[in-house]
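Quick notes on the structure that follows.
Numbering (the numbering used here), first residue to last: 5 to 490.
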């Protein structure tokens, strides 16, 4: 029995020791509450009973450690006067039950805020990173090479690098930075808060080809000498971010072009115009045109050319042309603008490389301009078909085999008759010899004369045989040579 009493006593003490913090208005057990404000409110409710002579209003609550203060205002019903007063709070208990934590500012136990980074565990984000400056052949210059960050911070939560190779790489993503390469790396959320040192993700933009054109001119201005001035600026920019494969080979980091290949062409043309009209009505127009062209291809560094063209044109008073002249200086001038040089293409065509063009049995391999390669393939196909049809020696055996058999053997003592179309279809004279022609003379005693066609018919008959023989020989030779004979 004694042991049972001791056990119950220990259990009661343990329960008391484990009691959470609570508050009471000093001297009033009825005001027990887990929060200071709750204890002050219970005290207020007790004072504002229906039979009370006063009406109390709670103004505020303050907490300092294990004690606190309630601030009130009291209205006396009979006089209508108000007065401020306060009362003391006392904290009891010895802690907070897990997972609750004590909030010293509020003076009460509160459940912890849920971990907002926990839902990010396993989530993936992408980050665009500049890997460095490309040089000829796609090699990234060592002094510009940068590694992607090890972790990122988004929404105060950390995302760690997966350590994988970049998912894709491309060019021309940051304004005028045309020689740099960019790659996309993946990061996985780890569910922890991130330090302020982690950068935020640079979300990859769309890598679609774009083209932008503009043309703007200033207003015309006339100077003191009567000349009119204005200028125009035209731009035409095309870029294809393309696709690249980037990585380290033999200790050197570089990129190779994929499909589509990265490309960019940007042309800026600035024209300054000056017009002057003479007293006789004629006019002179002077222009200075500066053209800068930038070309980027594949994984190589970009190149630029500039040309400056100075031109003068005159117009007579009657509106007819008075002549014009122009000169061009700079690396971007066409050969036609420079006397003594052959005209060149304004823009370089993609180099076409082809193999297997001469051998009809070998497959054609072509790289470069797609249209050019298609033309080369068509030319090879036509040439090979002509060679195949004209190669009689190669097909001689097939032709000889085609004319073998009993139906192509000549029987002995067999009389070969000429085709009927040679016998009758080509005749333009009757088959029989015409009858003799006779006529009589009234003079000289009325004698009668006769004219016979027999000699002519005999000659024509003999000549017909010769013509038939010659025609047959000609046909035989023609057909034989058509099948490769000699």
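Virtual Cβ for every residue (Gly too), placed ideally from N, Cα, C.
*asked:* When you compare the CB positions of residue 325 and residue 319, do they come within less than 9 Å of one another, or not?
replied: In the chain shown, the residue the question calls residue 325 occupies position 321. In the chain shown, the residue the question calls residue 319 occupies position 315. Result yes, Cβ atoms of residue 325 and residue 319 sit closer than 9 Å.
*Alpha carbon to alpha carbon, how far is residue 182 from residue 268? Give it in angstroms, no decimals.*
The sequence position of residue 268 within the chain shown is 264, counting from 1. The sequence position of residue 182 within the chain shown is 178, counting from 1. Near 9 Å, if we compare the C-alpha coordinates of residue 182 and residue 268.
*Sort out for me which residues DSSP pairs residue 256 with in a bridge.*
For this step, residue 256 is matched to residue 252 along the chain shown. Per DSSP, 253.
*Give every residue of the same chain whose Cβ lies closer than 6 Å to the Cβ of residue 329, excluding the five residues on either side of it in the sequence, and list them in chain order.*
Numbered from its first residue, the chain shown carries residue 329 at position 325. Once the five neighbours on either side are set aside, the close Cβ partners of residue 329 are 316.
_Could you compute how far the alpha carbon of residue 179 sits from the alpha carbon of residue 109?_
Counted from its first residue, the chain shown places residue 179 at position 175. Counted from its first residue, the chain shown places residue 109 at position 105. Straight-line Cα distance between these residues: approximately 51 Å.
*Run through the stretch 17–87 for me and flag every whole beta strand (DSSP E) of 3 or more residues, listed as ranges in chain order.*
You should have 26–29, 58–68, 71–80.
*For residue 166 and residue 70, the rounded distance between their alpha carbons*: Taking the chain shown and counting its residues from 1, the one referred to as residue 70 is at position 66. Taking the chain shown and counting its residues from 1, the one referred to as residue 166 is at position 162. In a straight line, the C-alpha of residue 70 is about 50 Å away from that of residue 166.
*Write down the C-beta distance between residue 298 and residue 270 rounded to the nearest angstrom, noting that I regard them as a contact closer than 8 Å.*
Position 294 of the chain shown, counted from the first residue, corresponds to residue 298. Position 266 of the chain shown, counted from the first residue, corresponds to residue 270. Right, the Cβ-Cβ distance comes to about 5 Å (below 8 Å), so this counts as a contact.
*Between which two residues does the beta strand (DSSP E) harbouring residue 183 extend?*
Residue numbering aside, residue 183 sits at position 179 when the chain shown is read from its first letter. From DSSP, residue 183 is part of no beta strand (DSSP E); its letter is neither H nor E.
*Rounded to the nearest angstrom, how far is the Cβ of residue 93 from that of residue 73, given a contact under 8 Å?*
As a first step, residue 93 is located in the chain shown; it is residue number 89 there, counting from the start. As a first step, residue 73 is located in the chain shown; it is residue number 69 there, counting from the start. Indeed they touch by this definition, with Cβ atoms about 6 Å apart.
*Go to residue 175, then tell me how far its beta strand (DSSP E) extends in each direction, as first and last residue.*
On the chain shown, position 171 is the one that residue 175 refers to. Unbroken beta strand (DSSP E) run through residue 175: 172–175.
*Are the stretch 170–178 and the stretch 272–291 in contact at 8 Å, needing three or more beta carbon pairs?*
They do not touch, by the three-pair rule.
*Report buried or exposed for residue 388, applying the criterion of at least 16 other Cβ atoms within 10 angstroms of its Cβ.*
Taking the first residue of the chain shown as 1, we reach residue 388 at position 384. Per the 10 Å Cβ criterion, exposed.
*Residue nearest to residue 256 in terms of C-alpha spacing, selected from 338, 239, 159, 146*: Position 252 of the chain shown, counted from the start, is the residue given in the question as residue 256. Closest by alpha carbon: 146.
*For residue 135, is the classification buried or exposed, using 16 other Cβ atoms within 10 angstroms of its Cβ as the cut-off for buried?*
Along the chain shown, one-based indexing puts residue 135 at 131. By the 10 Å Cβ count, residue 135 comes out buried.
*Nearest CA to the CA of residue 228: which residue from 280, 158, 169?*
Position 224 of the chain shown, counted from the start, is the residue given in the question as residue 228. For the options 280, 158, 169, the alpha carbon positioned closest to that of residue 228 is the one of 280.
*Could you tell me which of 238, 172, 161, 222 sits nearest to residue 122, measuring between CA atoms?*
The residue labelled residue 122 in the question sits at position 118 within the chain shown. The candidate whose alpha carbon is nearest that of residue 122 is 161.
_Residue from 189, 474, 126 with nearest C-alpha to residue 151_ = By 1-based counting over the chain shown, the position of residue 151 is 147. Checked all of 189, 474, 126; the closest Cα to residue 151 is 189.
*Between residue 32 and residue 203, what straight-line distance do the alpha-carbon atoms span, to the nearest angstrom?*
Taking the chain shown and counting its residues from 1, the one referred to as residue 32 is at position 28. Taking the chain shown and counting its residues from 1, the one referred to as residue 203 is at position 199. Near 56 Å, if we compare the C-alpha coordinates of residue 203 and residue 32.
*What separation, rounded to the nearest whole angstrom, lies between the Cα atoms of residue 216 and residue 301?*
By 1-based counting over the chain shown, the position of residue 216 is 212. By 1-based counting over the chain shown, the position of residue 301 is 297. Straight-line Cα distance between these residues: approximately 18 Å.
*Flag this pair as touching only if the stretch 238–246 and the stretch 199–213 have three or more C-beta atom pairs under 8 Å; answer yes or no.*
yes
*Kindly indicate which residue of 321, 58, 113, 95 has the alpha-carbon position closest to the one of residue 85.*
Numbered from its first residue, the chain shown carries residue 85 at position 81. With distances taken between Cα atoms, residue 85 lies closest to 58.
*How about residue 29 and residue 44: are their beta carbons less than 9 Å apart?*
If you number the chain shown from 1, residue 29 lands on position 25. If you number the chain shown from 1, residue 44 lands on position 40. Yes, the pair counts as a contact, with Cβ atoms nearer than the cut-off.
_Local Cβ density within 10 Å of residue 481, reported as buried at 16 or more and exposed below that_ = Counting from one through the chain shown, the residue named residue 481 turns up at place 477. Per the 10 Å Cβ criterion, exposed.
*According to DSSP, what are the bridge partners of residue 244?*
Numbered from its first residue, the chain shown carries residue 244 at position 240. Per DSSP, 267.
*Identify, in the order they occur along the chain, each residue of the same chain with its Cβ nearer than 8 Å to the Cβ of residue 306, setting aside the five sequence neighbours on each side.*
Within the chain shown, residue 306 is the residue found at index 302, counting from 1. Within the same chain, residue 306 has close Cβ partners 182, 183, 268, 298, 299, 300.
*Would you tell me roughly how many angstroms separate the C-alpha atoms of residue 104 and residue 112, rounded to the nearest one?*
Mapped onto the chain shown, residue 104 falls at position 100. Mapped onto the chain shown, residue 112 falls at position 108. Using only the alpha carbons, I get a separation of about 10 Å.
*Using a Cβ-Cβ cut-off of 6 Å (strictly less than) and excluding sequence neighbours within five positions of residue 39, which residues of its own chain qualify?*
Position 35 of the chain shown, counting from 1, holds the residue named residue 39. 112, listed in sequence order.
*Would you please state the rounded distance, in angstroms, between the beta carbons of residue 138 and residue 144? I believe it to be under 8 Å.*
In the chain shown, the residue the question calls residue 138 occupies position 134. In the chain shown, the residue the question calls residue 144 occupies position 140. That pair is a contact at about 6 Å.
_Residue range of the unbroken beta strand (DSSP E) whose run includes residue 363_ = Numbered from its first residue, the chain shown carries residue 363 at position 359. Taken as a continuous stretch (DSSP letters only), residue 363 belongs to no beta strand (DSSP E), as it is neither H nor E.
*Following the continuous beta strand (DSSP E) through residue 318, name the residue where it begins and the one where it ends.*
On the chain shown, position 314 is the one that residue 318 refers to. Residues 307–319.
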